[in-house]
Amino acid sequence: MIPKPYKQMHKSYPEYMQAYESFGEEARNAGPLSPRDVALVKLAISLGAGLEGAAHSHTRKALEAGCTPEELRHVALVSAPTIGFPTMMRARTWVEDVLEKHDESAS
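Take our numbering: the final residue in the sequence shown is number 233, and no numbers are missing along the way.
Below, the structure written as structure tokens:
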């Protein structure tokens, strides 16, 4: 599910968004990480940076890349020594937000 604000940016600034998405694609293609590995890294960065919307987006993208819910929960858990336990607990809820919807749609 693409968020409404993201769709609006595409509508309002199509060239800008094309450049932004090309930049992301080039970054993914610049090295040896698999799409699955990139998805996990981007989720971890989103959690560490405290970006709720990005964490939701990257949780969805990681599921699409073939990551399991258990792996995504593990990403949140292993962040605790770096970002602190309370911050990890907040970040974990963002992963769970998406996983709950994912479980509901799979039922």
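No residue lacks a Cβ here, since even glycine has one placed at the ideal position from N, Cα and C.
Just so we're clear, the structure is a prediction, and the values are computed from it rather than from any experiment.
Counted within 10 angstroms of its Cβ, other Cβ atoms place residue i as buried (16 or more) or exposed
i: S172; result: buried
i: L203; result: exposed
i: M215; result: exposed
i: L159; result: exposed
i: Y233; result: Strictly speaking, residue 233 in this sequence is Ser, with Tyr absent from that position. With fewer than 16 other Cβ atoms within 10 Å, it is exposed.
i: S205; result: buried
i: K156; result: The sequence shown places Ala at residue 156, not Lys. Exposed: under 16 other Cβ atoms inside 10 Å.
Where residue i sits in the DSSP three-state scheme
i: T194; result: coil
i: G157; result: coil
i: L177; result: coil
i: G150; result: helix
i: S205; result: coil
i: M214; result: helix
i: I171; result: helix
Beta-carbon spacing of residue i, residue j below 8 Å
i: G174; j: T219; result: no
i: L169; j: A188; result: yes
i: L166; j: V201; result: yes
Cβ-Cβ separation, residue j to residue i (assumed contact under 8 Å), whole Å
i: V221; j: T194; result: Incorrect: roughly 12 Å between the Cβ atoms, too far for contact.
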